[in-house]
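Plus 656 on top of the position in the sequence shown (first one is 1) and you've got our numbering.
Ideal Cβ positions, reconstructed from N, Cα and C, are used throughout, including at glycine.
Fair warning: this is a prediction, and the values are worked out from it, not measured in the lab.
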Amino acid sequence: MRAMHPQEDWVKPLKEDRVRPQMKCAQCGAVTTRMDLHLKKQHKLASGTEEYTTLMGKATPYVREPEEDEDLERVLREYR
Ligand SMILES: [Zn+2]
């Protein structure tokens with residue numbers, strides 16, 4: 657009897673894991689993979705300052721929510 661390897665199917669390629677997570681700026685809502693550079697360029701904050709540290713801490717991971725599309729479709733269906 658042949659052994660099953662169910663995990664093989666969902667092993668992700670390494671490259672995908674290396675993509676930087678997108679972060680959302682707590683100050684202006686901009687989405688960027690380089691929050692450190694964003695704070696320096698857009699908000700003129702130097703690293704190590706209190707505001708910079710606060711905003712870095714407040715930045716939230718940005719994930720696209722697939723539910724949004726579903727909701728839109730449902731709303732459209734109900735509208736008709
Ligand atoms: Zn910002």
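How many angstroms separate the CA atom of K714 from the CA atom of E707? Each residue's alpha carbon lies about 10 Å from the other.
Are the beta-carbon atoms of M679 and T716 separated by less than 8 Å? yes
Please list the terminal residues of the continuous alpha helix (DSSP H) segment that includes G713. E706 to K714
Drop a sphere of 10 angstroms on the beta-carbon of L701, count the other beta-carbons inside from all chains shown, and report buried for 16 or more, exposed for fewer. Buried, by the Cβ-count rule.
Pull up the CB-CB distance for A682 and Q698, whole angstroms please, since I reckon it's below 8 Å. That belief does not hold up - the Cβ atoms of A682 and Q698 are roughly 12 Å apart, past 8 Å.
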